[in-house]
Amino acid sequence: MKTVKGIIICTITTASIVSLLFSGEEVVKMGGRDLQVVYQKIDTPESILGSPFDCESITPVVYRKTPSLRRLPAARQKEAFVRIILPSILIAEHRIRQQRAELLGIVKKINRDITLTGKEITFVSGLFNRYRTSDLKELLTRLNVHPPSIILAQAALESGWGSSRFFSEGNNVFGVWTFRQDAGIKAINSNARLSRYDSTLDSVEDYLFNINVGWAYERFREMRVIAPRSLNLISYLDNYSTLRKEYVNRLNTILRSNHLEIYDNCRIDPDYLY
Numbered sequence: 592m593k594t595v596k597g598i599i600i601c602t603i604t605t606a607s608i609v610s611l612l613f614s615g616e617e618v619v620k621m622g623g624r625d626l627q628v629v630y631q632k633i634d635t636p637e638s639i640l641g642s643p644f645d646c647e648s649i650t651p652v653v654y655r656k657t658p659s660l661r662r663l664p665a666a667r668q669k670e671a672f673v674r675i676i677l678p679s680i681l682i683a684e685h686r687i688r689q690q691r692a693e694l695l696g697i698v699k700k701i702n703r704d705i706t707l708t709g710k711e712i713t714f715v716s717g718l719f720n721r722y723r724t725s726d727l728k729e730l731l732t733r734l735n736v737h738p739p740s741i742i743l744a745q746a747a748l749e750s751g752w753g754s755s756r757f758f759s760e761g762n763n764v765f766g767v768w769t770f771r772q773d774a775g776i777k778a779i780n781s782n783a784r785l786s787r788y789d790s791t792l793d794s795v796e797d798y799l800f801n802i803n804v805g806w807a808y809e810r811f812r813e814m815r816v817i818a819p820r821s822l823n824l825i826s827y828l829d830n831y832s833t834l835r836k837e838y839v840n841r842l843n844t845i846l847r848s849n850h851l852e853i854y855d856n857c858r859i860d861p862d863y864l865y
């Protein structure tokens, strides 16, 4: 146990998020606006293309089972992939923004020497533990988001626009490995295993957590505060792959050729926020 700026840090579970699961819907209480998340099943790759899609009012839908999109024509495959993954990105980043806003309010109180409530101390302590730091400035650097276009580009590259076996069998969107021999999905012709997730949202949240705490992405986290545009940031993701500079070049190509930055302005349907 230790103290940082008067806050006692101990191992706890953050109590700021309360989830109620019922009838395929989840209400996530964030200390700010509540977000209603809808869980759905995709029967066929074509079915995802039959529903309305409005960038200004994205339904916060999460998929537990995702079929391979390989059989769709290239343009339709990319469209379906964005429709599947983008809502999970917006949900995950909404959650982080809500926590960040709450933390900033607490930081203001600390700077004014205002005594924190027990609930606030528990909240901040939980974030310190989760994000593996005891420094408030560093916590704010880690508890942050970056443009959805970058996430979509990485997801597309790692999953082959939803055509990979790991995507359809385990909702693994970002090619994340696991070192547990009793878990995940075994790669063909290799003993390596890739992580398995319960939903697309779980995969996106794990990706964001890795980016936000991993030592390899420290420079990326610093730069997203200074120059948050996608094309400025992707060069700092060279450590994500052993391909290094070639990986960045491929991300750049995917971002530009598919005009993914248009999705940076997409928003969750306000009818699901209350």
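All you need for this note's numbering is the position in the sequence shown, starting with 1, plus 591. Yeah, the Cβ is synthetic: ideal placement off N, Cα and C, and Gly gets one too.
With a minimum length of 3 residues, the unbroken runs of beta strand (DSSP E) contained wholly in the stretch 617–703 fall at 626–631, 652–654. When the five nearest sequence neighbours on each side are left out, the beta carbons in the same chain lying within less than 7 Å of the beta carbon of V804 are those of Y722, R723, R733, in order along the chain. Judged by beta-carbon spacing, I776 lies within the 8 Å limit of E760, meaning their Cβ atoms are closer than that value. Cβ neighbours of S754 within its own chain (closer than 8 Å, five residues either side excluded): S659, L660, R661, Q668.
Excluding residues up to 5 positions away in sequence, L727 lie with their Cβ nearer than 7 Å to the Cβ of V698 in the same chain.
Cβ-Cβ distances below 7 Å link S740 to S821, L846, L851, E852, Y854, D855 in the same chain, with the five nearest sequence neighbours on each side left out; the list follows chain order.
Within the DSSP bridge table, the entry for R784 names T769, K777 as partners.
With 16 or more other Cβ atoms inside 10 Å of its own Cβ, R686 counts as buried. Within the same chain, and ignoring the five residues on either side of N830 in sequence, the residues whose Cβ sits closer than 7 Å to its Cβ are A807, Y808. The count of Cβ pairs closer than 8 Å, one atom from the stretch 663–680 and one from the stretch 765–783, stays below three, leaving the stretches out of contact. With at least 16 other beta carbons inside 10 angstroms of its own, V764 counts as buried. Where V736 is concerned, there is no enclosing alpha helix (DSSP H), because DSSP gives it neither an H nor an E.
Annotation for T791: the continuous alpha helix (DSSP H) segment containing it runs 791–804. Excluding its 5 nearest sequence neighbours in each direction, T650 has C-beta neighbours in its own chain below 6 Å: D860, listed in chain order.
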